[in-house]
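Worksheet: one structure, shown below.
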Amino acid sequence: MTASPRVVIIGAGIVGTNLADELASRGWTNITVVEQGPLGLAGGSTSHAPGLVFQTNPSKTMTEFATYTVNKLLSLSTDGVSCFNQVGGLELATTEARLEDLKRKLGYATSWGVDGRIIDADECEKHWPLLNPGSLADGRQVLGGLFVPSDGLASAARAVQLLIAKARAAGVTFRGSTTVTGVEQAGGKVTGVQTSDGVIPADVVVSCAGFWGRELGKMVGLSVPLLPLAHQYVKTTPVDALNGVNDLPNGASKPILRYQDRDLYFREHGNRIGIGSYAHKPMPVDMDRLPRVGADEMSDHRMPSRLDFTLEDFAPVWEDCQDLLPALHQAQINDAFNGIFSFTPDGGPLMGEAPDLSGFFVAEAVWVTHSAGVAKAMAELLVTGHPETDLHGCELTRFEKVQTSDSYVSETSQQNFVEIYDVMHPLQPRESPRDLRVSPFNVRQKELGAFFLESAAWERPHWFEANRGLLAELPGEWRAPERDGWAAMFHSPISAAEAWKTRTAVGLYDMTPLKRLSVTGPGAQSLLHRLSTGNIAKKPGAVTYCLLLEHDGGIRSDVTVARLTEEEFQLGVNSNVDFDYLRVEARRQSAADPAQWAHVTDITGSTCCIGLWGPLAREVIGKVSADDLTNDGLKYFRTKEITVGGIPVTAMRLSYVGELGWELYTTAEYGLKLWDLLFEAGQEHGIVAAGRGAFNSMRLEKGYRLWGTDMTSEHHPYESGLGFSVAKDKTGFVGAEALAARKEQPATRALRCLTVDDGTSVVLGKEPVYVGGEAVGYVTSAAYGYTVHKPIAYAWLPAGVETGDAVEIEYFGKRVAATVSAEPLVDPGMERIRG
Ligand code: FAD
Ligand code: THG
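Per the numbering used here, the very first residue in the sequence shown carries number 1011; after that it's consecutive.
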């Protein structure tokens, strides 16, 4: 993008004003912020946010956004008063399960660079003398807490005012009391916004409209998957014990406080206490019935984001509040409201460009906590095209189409409201909606007792109860230690049997949910050549594993590219983000040079895929196919059309579990027949249907990285152990120049394979890793390696750490000894897979 395009930002809440400032500070000069409400106190969620900033989050990106926000708000000040009151943050545990969860959460904090510690009940009480020192109503008591000294309170409304002043001084125009009523476009590009006050021309429009985001999206035919929900916030009357302690009206000196076992949080407002509740039913908001904003003066009580308080929803938890803070027995509820903000299907924010309208960006469903960090990343995206932070969990385009429908967004977002403070296992599935996307094999999988988990709305078997009988036959060296606690949840010992059979006989894997794209046209090759690190200009029949990079050399995705014919490629990709990226790039290329048109289609749902893998895979397929599938007939990383029991199949010789065999693709209507043919043919060879539990273990044994978990756009290929997938001497692809420069720089970190010394402790992922007693890295993926008889963890570690070095993984507050190992752990010589 050329310097200083004309930018219109819609919305002057904490996100829009931060974005204006971040863009202005990067030298952009032509920025207009349009806000329907009066500037300063515009009436959106920001206007009344109590501003609690708890930084720690399972997501590295979200934690970094929060930390950036803390530091930025600390630096924003007038008369020596900043916009952040760093009182610390305290999350209480009143159950053993919560206390354990807080230890895990401390692990996240440590992994992502936030200092914190677990404190006992006495220390909790020192921080919050108003806490009930004895037993709570039902016999529980405060057992301890997670204390993070750098957390605290954002003064969001004041920050907005300071940001407006700062941005104005840098040349940004603010237009309050001006409503955006439409978006102008021409030729697939944004050209301006229509407002109540005329058209404002623009090259870039960023919608920072908060919970109005879905309405703004509708103006351009974009489905913005967020749901406005009301959430109750209450201020009490003054509490004697706080008189004279804090500045009035909003001063605070005690840590912000979470009582998640009762869905509550607390802060001080001078001598009053503010209480937020998630304990009530989800309250979706009817956007058509909100008070209108416009030129009229807006009092605190007429804001569109402030609905009338419904006492009956708060009454049940008022007793819990008084129970935890007995001083509240002499206080009353005062100044209470139901405030509106945005929820999404997976709880993440929505950031990025609309795939079908160039120049239209979104930064919505963002908490105050993450606002400045989100704005920084958006500014980087606009100015350089590649944010420093991994955005895959935030991408606007990360959802499958079915996940952006009104009913899906409504149901899942409400569920997220209900579960917001629950102790949740990372694999905990949602109960509804389920069975949205099922492969053609689903009926058989159910007959075999599949245990399903959901991903991208697909049902994926994790193991099959039908294989339980194999546990009795499992040879001693394949028996895995029993698991307890979280490692035992959403796990079955049956996965050991499925891995055993795959490594020694043959397994049948449902690979249908792997996203597949068809890229066709005379420009297909040039498109893929330009966007990938691979040498994909090979003859039809070649399959290439390669990377899509960002311009800065970071890994955007890893893909397989199979050349089916001269003008037809089939890609295995990671998510809808890849689809939209390729589709948009193809459209641009086709527009620039019609002779080089290329078209990208998502064929995932219209096709299906079986992974047939194991040393006996060839025997099995030989019974139902006359095609030559010997090593000479189809070499490793080659593809050809074959017939299996009369069914047309595209066979690709590759295996994410690292065994001999093929990915077998056919169109959906043949899927069930293909499964039956193979399963039947495999009976005499001991075939098993196998699930993701075995799959994930085996791919880690083989050292295959999982994009989004092991590496992201924050990492480049060499440090990720993926240098081999950059074609030698290839130039002219996206990221090539940056990559060449990075190759020359000394490595600072590396993705390493660890094995756990005690042979039994299976970790979950995201745990901090200690070297010499210091936290220096974090775990990405983990699994028990059935073939190698020990737990495996991949981890980012400083470059100086060497093979054989001892490290420690902190798991639920305990240190687990591990050793840096050479990889891959299984089949380093490729004899099995190339056999
Ligand atoms: P907003 O502040 O809503 O700004 C969007 C702006 O866009 C609005 O000012 C709106 O008027 C404008 N706009 C919309 N449509 C148009 C249009 N067509 N034309 C022109 N302008 C338009 N977050 C935390 O981090 N910590 C907390 O403790 C916390 N507590 C909360 C408590 C309550 C009761 C509520 C309701 C929210 C809380 N939040 C908290 C969430 C937080 O307030 C929001 O997530 C955040 O303020 C959203 O900021 P924003 O800039 O995206 O949205
Ligand atoms: N199958 C297909 N496409 C995919 C995946 C898949 N695309 C997305 C994701 N999975 C990509 N990840 C990988 C990771 C490793 C391999 C394949 C896909 C793999 N690697 C060989 C290795 O490292 O030894 C590559 C060897 C080579 O380049 O010759 O097989 O599961 N269709």
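Just so it is clear, CB atoms sit at the ideal spot from N, CA and C, and this is done for glycine as well.
As the structure is a computational prediction, the values presented were derived from the model and not from experiment.
Delimiting residues of the beta strand (DSSP E) encompassing residue i
i: T1199; result: Position check: residue 1199 holds Lys in this sequence, whereas Thr was assumed. Where K1199 is concerned, the enclosing beta strand (DSSP E) stretches over K1199 to T1205.
i: Y1666; result: Premise fails: Y1666 is in no beta strand (DSSP E) and is neither H nor E.
i: I1652; result: T1649 to V1654
i: S1723; result: Looking at the DSSP string, S1723 is not in any beta strand (DSSP E), and its letter there is neither H nor E.
i: Y1821; result: A1816 to Y1821
i: P1808; result: K1800 to P1808
i: N1348; result: I1343 to F1353
i: R1526; result: K1525 to T1530
i: G1286; result: R1282 to S1287
i: C1619; result: T1617 to W1623
N-terminal and C-terminal residue of the alpha helix (DSSP H) that residue i is part of
i: Q1599; result: N1586 to A1602
i: K1070; result: K1070 to S1085
i: K1456; result: N1452 to E1457
i: F1157; result: Segment G1154 to V1158 is the beta strand (DSSP E) holding F1157; no alpha helix (DSSP H) there.
i: W1488; result: Segment: none, W1488 is in no alpha helix (DSSP H) and carries neither H nor E.
i: E1429; result: D1416 to E1429
Buried/exposed call for residue i, threshold 16 Cβ in 10 Å
i: D1161; result: buried
i: T1071; result: buried
i: Q1580; result: buried
i: M1011; result: For M1011, the pLDDT reaches just 47, beneath the cut-off of 50, and the residue's location in the model is therefore unreliable, although a value from the coordinates is still provided. M1011 is exposed by the Cβ-count criterion.
i: H1290; result: buried
i: Q1340; result: exposed
i: T1758; result: exposed
i: P1326; result: exposed
i: H1435; result: exposed
i: A1179; result: exposed
i: M1313; result: buried
i: A1849; result: Any property of residue 1849 remains undetermined from this structure, which presents the chain solely from 1011 to 1845.
i: P1139; result: exposed
i: P1143; result: exposed
i: K1115; result: buried
i: A1166; result: buried
i: K1228; result: exposed
i: V1419; result: buried
Proximity test, residue i beta-carbon vs the ligand THG heavy atom, cut-off 8 Å
i: T1554; result: yes
i: Y1078; result: no
i: V1736; result: no
i: Y1646; result: yes
i: S1791; result: no
i: G1098; result: no
i: D1612; result: no
i: T1522; result: no
i: G1126; result: no
i: S1465; result: no
i: S1035; result: no
i: S1423; result: no
i: E1729; result: no
Proximity test, residue i beta-carbon vs the ligand FAD heavy atom, cut-off 8 Å
i: F1152; result: Inspection of the sequence shows that residue 1152 is occupied by Val rather than by Phe. False, no ligand heavy atom lies under 8 Å from that Cβ.
i: Q1242; result: yes
i: Q1046; result: yes
i: V1378; result: yes
i: E1374; result: yes
i: T1354; result: no
i: T1205; result: yes
i: I1024; result: yes
i: V1063; result: yes
i: T1188; result: yes
i: W1685; result: no
The ligand PLP heavy atom lying under 8 Å from the CB of residue i
i: S1057; result: Here the bound small molecules are the ligand FAD and the ligand THG; the ligand PLP is not part of this structure.
Assess contact between the region 1422–1434 and the region 1618–1636, defined as three or more Cβ pairs (one per stretch) separated by less than 8 Å. Is contact present? Remark: fewer than three beta-carbon pairs, one from each stretch, lie closer than 8 Å, so the region 1422–1434 and the region 1618–1636 are not flagged as touching.
Using 8 Å as the cut-off, can you tell me whether the region 1819–1828 makes contact with the region 1732–1747, which would need three or more C-beta pairs spanning the two stretches below that distance? Between the region 1819–1828 and the region 1732–1747, the count of Cβ pairs shorter than 8 Å is below three; the stretches do not touch.
Touching by the beta-carbon criterion (3+ pairs, under 8 Å), the region 1557–1565 and the region 1746–1760: With contact defined as three or more Cβ pairs closer than 8 Å, the region 1557–1565 and the region 1746–1760 are in contact.
For the pair the region 1082–1096 and the region 1392–1406, tell me if three or more CB-CB distances fall below 8 Å. Contact between the region 1082–1096 and the region 1392–1406 is absent: fewer than 3 CB-CB pairs across the two stretches fall below 8 Å.
Cβ pair count under 8 Å reaching 3, the region 1409–1421 against the region 1463–1475: The region 1409–1421 vs the region 1463–1475: in contact.
Does the region 1675–1691 come into contact with the region 1707–1714, if we say contact requires no fewer than three beta-carbon pairs (one atom in each stretch) closer than 8 Å? Under the 8 Å Cβ criterion, the region 1675–1691 does not count as touching the region 1707–1714, having fewer than three qualifying pairs.
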